[in-house]
Ligand SMILES: [Zn+2]
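Numbering (the numbering used here), first residue to last: 1 to 124.
Written as structure tokens, this is what we have:
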């Protein structure tokens with residue numbers, strides 16, 4: 001005889017019936033899923049939007065001048081660039097740390113200047 005007690009993921013009531021049951025009814029299932037979607041995915045979506053916007057600003061700045069571009073930091077901020085969001089960093093042999101938003105990266109230079117670069121391959 002099986003007596004393993006399972007509880008509803010939403011309201012914590014003891015579940016009866018099938019062993020794979022996770023909720024007592026559709027109401028509990030729906031409110032659980034709604035919470036997941038609004039909180040977690042909303043947060044992820046917001047950050048993804050910021051990163052995509054950052055990437056677009058880097059892309060727009062670079063496309064005019066090809067491989068590298070210098071731009072004043074305040075110009076990037078005027079376009080809506082958010083410096084605290086990036087996907088990864090890369091430190092070169094000289095010890096300069098580049099911040100990347102996907103394949104576009106930037107290096108903070110002296111004063112107000114930012115150097116923008118584009119990487120062609122992953123893993124570097
Ligand atoms: Zn429930």
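Where is the CB? At the ideal position from N, CA and C, for every residue including glycine. Quantities reported herein were computed from a predicted structural model and do not represent experimental measurements.
Opposing strand residues paired with residue i [DSSP bridges]
i	result
residue 99	89, 106
residue 14	7
residue 44	The partner list for residue 44 (beta bridge, DSSP) is empty, contrary to what the question assumes.
residue 116	69, 106
For residue i, the nearest candidate out of the options (CA to CA)
i	options	result
residue 61	106, 14, 88	106
residue 51	86, 15, 12	86
residue 70	23, 12, 13, 113	113
residue 77	90, 88, 53	53
residue 47	6, 111, 84, 115	84
Inter-residue spacing [alpha-carbon to alpha-carbon] between residue i and residue j
i	j	result
residue 40	residue 97	31 angstroms
residue 126	residue 49	Nothing about residue 126 can be read from this structure; the chain reaches only from 1 to 124.
residue 90	residue 100	8 angstroms
residue 124	residue 15	Because residue 124 sits at a pLDDT of 48, beneath the cut-off of 50, its placement in the model cannot be relied upon, and the point is left open.
residue 72	residue 82	14 angstroms
residue 103	residue 11	44 angstroms
residue 18	residue 7	12 angstroms
residue 20	residue 68	56 angstroms
residue 38	residue 31	11 angstroms
residue 111	residue 45	33 angstroms
residue 56	residue 9	40 angstroms
Residue i at chain C interface by Cβ criterion, 9 angstroms
i	result
residue 98	Of the protein chains in this structure there is only one, and it is not chain C.
Practice problem: Measuring from each Cβ to the nearest heavy atom of ligand 1, keep the ones under 7 angstroms and list them in chain order. | Solution: 8, 10, 11, 13, 23, 24, 25, 28
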